[in-house]
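>
2 protein chains.
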Amino acid sequence: MKKRLPDPEESATDAAARAAWLYYVGGLTQDQIATELGVSRQRAQRLVSKAMAEGLIHVRLEHRIAGCLALEAELKRRYDLKTVRVAPRLGEGADPTHAIAPVAASVMERFLRQPEPQTIALGTGRALRAMVEELPKINCEQHKLVSLIGNISPDGTASNYDVIMRAADKLNARHYPMPLPVLLDDPEIRRSFYALPQLKIVALLAAEADVTFVGVGQMSESAPLYVDGFISADDLREERALGAVGEIASWCFDSQGRFLESRLSRRVGGLRPGGREGAHTIGIAAGPEKVTPLRAALKGRLLNGLVTSEQTAEALLS
Amino acid sequence: MKKRLPDPEESATDAAARAAWLYYVGGLTQDQIATELGVSRQRAQRLVSKAMAEGLIHVRLEHRIAGCLALEAELKRRYDLKTVRVAPRLGEGADPTHAIAPVAASVMERFLRQPEPQTIALGTGRALRAMVEELPKINCEQHKLVSLIGNISPDGTASNYDVIMRAADKLNARHYPMPLPVLLDDPEIRRSFYALPQLKIVALLAAEADVTFVGVGQMSESAPLYVDGFISADDLREERALGAVGEIASWCFDSQGRFLESRLSRRVGGLRPGGREGAHTIGIAAGPEKVTPLRAALKGRLLNGLVTSEQTAEALLS
DNA sequence: CCAGAGTATGAGCGAATGCTCACTCATGTG
DNA sequence: CACATGAGTGAGCATTCGCTCATACTCTGG
């Protein structure tokens, strides 16, 4: 008595997409959708929210809010940046990462839409992960995605914030992950890893990247590197004693935006953000705890592009 | 006691955009938005719906529904088309133009995203108008928009469905409208119009267009040309007697998709859709009354691309 | 300065929404 | 074969939304 459903998973998403289309584009009420699809109202509601949850629905605001534009202009001038986008505030308690994600995605999309092959380097972190989540599906087989940082957690599993796989999945682009732990304690092993031909390719690509997207981590007690278990409390203390106020792709820098040479920096399994001459290096970060590291990174010209939130932009300028 | 508001118009849209951002991206309730912006709930509601009405919010579905994909593939094969998009059905009573508009816009966007200068020719009609309405703002100064058809109504006003101005406005592209009535009754006047140098430029551009977007009109009693008062009942009868089943940019064709030479065709103030060798000619049309003209146009290879609705696609294939 | 018209604002209310809870049914396990 | 488990389903209900109406306010012309 089976009728259709070659793949129950697929057809569920299909129905969800259909319901969402009727809801958002058609403007039908959920009752009408239920009638249309021949299901109960509750099911229609669930389909719509499923479509939402699966990110099938992308909402875009076609208007640059004046207040944010002013902040962008001022940031651009003050820090001599090439690219700046400021996302409007999303209420007090809201997660700023959530606010900047769609804006960051639209910045990345501009590069992805180029028909000329682009090499796009990616760091990691919550902000980048959220950005990639907001990307639409585009066919980008002409581009290359390259990871700046190892994707192996200390416990041996692939890192949760491994953005490059997700991105490559959505974009159908060639991708070059770093088959490397985030930190390599033994310098000998580190050297031998770096000697791998695959790694050399990745390093070469990253050095010639047209654009690099990175998160920016604070080095306070809430340092993501520490909270996520990549570095120990001792490591953190040591770096802070050396003046570290932030990190980009695990490379710590001080309040002047100078990368630190330290015990930790000699263990990092990854590449410094760089790229070819004139390339874009865009930081994606927002939140009060990011103000100090962002200010340092901008001062040291570690970044020439920025996507942040309205509050963070104000703080950076104050 | 004035505080800000340099331009009340601007700041209203700004507030609307902010409210819409909070609503759609932040997922706040309208009460929360009201608190956030310091206005009443009703005002928040009005801001959100204003943002909607002004088209600040664009919703996109990131999923190609399986059933529609199948229809696209079949249409592509059957009529040997280059581009086909089928929009999912939007309930029985819904306006099919509304359903296809966002899909058509995304097709057009693909061309607009090209950095190489494109020449894009546009017809008129409700479907094209709706498509343009759904376009996002993109800076396309490298492209040229050229109109295939005059924009002057019989009553002397600029036509309501003048899509090219709207499009150019959104895209910041150079545009070449046809400063010409839709129909020119006096052949002498027509000749002298065509001799105008401006018109020659437009004709040249249209003939070299990379892509042409046109609506497809039926020639039944509900013919848009007739309903909108461009042609008389006598004209309509005469064309139908000659076998006309549809029209593209006012050029009538028969059931085999052959353009008719007729009294009417000698009065048309416009250009035939054409374009350079290998160009795209994409028809945007949906609805039961479009099935006959679409089938004819496809048979006669007047189009090599199509954006239509699920129902229309099914009808075309049955 | 006043009068009138058109527009923005806030209250109220019915409809729509989404969340929770109890239930069913299919699947897998002892 | 009985039973546990868990995903999916439908009903009820509190919340939220969007529409209408009465009112206040502003702008313009006399």
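The listed protein sequences correspond, in order, to chains A and B.
In terms of the UniProt record's numbering, the first sequence is residues 1 to 318.
In terms of the UniProt record's numbering, the second sequence is residues 1 to 318.
Note that beta-carbon positions come from the ideal geometry of N, C-alpha and C, so glycine has one too.
Quick one, are the C-beta atoms of Val182 of chain A and Ser265 of chain A less than 8 Å apart?
Against a cut-off of 8 Å, the Cβ pair of Ser265 of chain A and Val182 of chain A comes out as no contact.
> Go through its chain and collect everything with a Cβ distance to Arg126 of chain B's Cβ below 6 Å, but skip five positions before and after it.
Here the set comprises Thr97.
> Any C-beta of chain A within less than 7 Å: which residues of the stretch 65-95 of chain B qualify?
Correct list: Ile65, Ala66, Pro88, Leu90, Gly91 and Ala94.
> Taking the continuous alpha helix (DSSP H) assigned at Pro224 of chain A, which residues delimit it?
Looking at the DSSP string, the run of the alpha helix (DSSP H) that includes Pro224 of chain A is Pro224 to Val227.
> By the criterion of Cβ-Cβ separation under 7 Å, what are the contact partners of His63 of chain B in chain A?
By Cβ distance, chain A contributes Thr13, Ala17 and Leu56.
> Would you kindly report the start and end of the unbroken alpha helix (DSSP H) that includes Phe213 of chain B?
Taken as a continuous stretch (DSSP letters only), Phe213 of chain B belongs to no alpha helix (DSSP H), being part of the beta strand (DSSP E) at Val211 to Gly215.
> State the start and end residues of the unbroken beta strand (DSSP E) segment that holds Cys252 of chain A.
Counting along the chain, the beta strand (DSSP E) containing Cys252 of chain A begins and ends at Trp251 to Asp254.
> Measure from the alpha carbon of Phe259 of chain B to the alpha carbon of each residue in B:Asp228, B:Ala34, B:Val59 and B:Pro293, then state which is nearest.
When each option's Cα is compared against that of Phe259 of chain B, the closest is B:Pro293.
> From what residue to what residue does the alpha helix (DSSP H) around Tyr79 of chain A run?
First-last of the alpha helix (DSSP H) with Tyr79 of chain A: Ala66 to Tyr79.
> In chain order, which continuous runs of the beta strand (DSSP E) of length 3 or greater are located wholly inside the stretch 168-220 of chain B?
Counting only runs of 3 or more, we get 174-181 and 211-215.
> Nearest CA to the CA of Pro288 of chain A: which residue from A:Gln256, A:Ser232 and A:Met219?
Minimum Cα distance to Pro288 of chain A is reached at A:Met219.
> Roughly how far, in whole angstroms, is the beta-carbon of Tyr24 of chain B from the beta-carbon of Val39 of chain A, given that I think they are within contact range, below 8 Å?
With 8 Å as the limit, Tyr24 of chain B and Val39 of chain A do not qualify as a contact, their Cβ atoms being about 26 Å apart.
> Given Ala121 of chain B, which residues of its chain have a CB within under 6 Å of its CB, disregarding the five upstream and five downstream residues?
Cβ within range, chain order: Val146, Leu148, Ala206, Ala209 and Thr212.
> So if DSSP puts Gly270 of chain B in a beta bridge, which residue, or which two residues, is it bridged to?
Beta-bridge pairing links Gly270 of chain B to B:Ile149.
> Distance, Cα to Cα, Glu134 of chain B vs Gln118 of chain B?
Roughly 20 Å separates the two Cα atoms.
> Just the C-alpha distance for Phe111 of chain B and Ala19 of chain A, rounded to the nearest angstrom, thanks.
For Phe111 of chain B and Ala19 of chain A, the distance between alpha carbons rounds to 29 Å.
> How would you list, in chain order, the residues of chain B whose beta-carbon sits under 7 Å from the beta-carbon of Trp21 of chain A?
What Trp21 of chain A touches in chain B: Leu61 and Pro88.
> For a cutoff of 8 Å on Cβ pairs, would you count Val25 of chain B as touching chain A?
So yes, Val25 of chain B belongs to the interface.
> Give me the chain B residues within the contact set of Gln114 of chain A, using Cβ-Cβ distance strictly less than 8 Å, ordered along the chain.
Correct list: Pro115.
> Name the chain B residues that come within less than 7 Å of Gln30 of chain A, Cβ to Cβ?
Those within 7 Å of Gln30 of chain A in chain B number zero; the least Cβ separation is about 12 Å.
> Between the stretch 116-145 of chain A and chain B, which residues of the former have CB atoms less than 7 Å from a CB of the latter, in chain order?
Cβ contacts with chain B: Pro136 and Lys137.
> Please tell me whether Lys2 of chain B has its Cβ less than 8 Å away from any Cβ of chain A.
For Lys2 of chain B, the predicted structure reports a pLDDT of 33, less than 50, and the residue's modelled location is therefore unreliable. The matter cannot be settled from this model.
> Three-state secondary structure (DSSP) at Pro8 of chain A?
Because the pLDDT of Pro8 of chain A is 49, which lies under 50, any placement of that residue in the model is unreliable, and the question is left without a value.
> So, using beta-carbon positions, are Gly215 of chain B and Gly123 of chain B closer together than 8 Å?
Cβ atoms of Gly215 of chain B and Gly123 of chain B: closer than 8 Å.
> In whole angstroms, what separates the C-alpha of Asp162 of chain B from that of Val227 of chain A?
The alpha-carbon atoms of Asp162 of chain B and Val227 of chain A are separated by roughly 58 Å.
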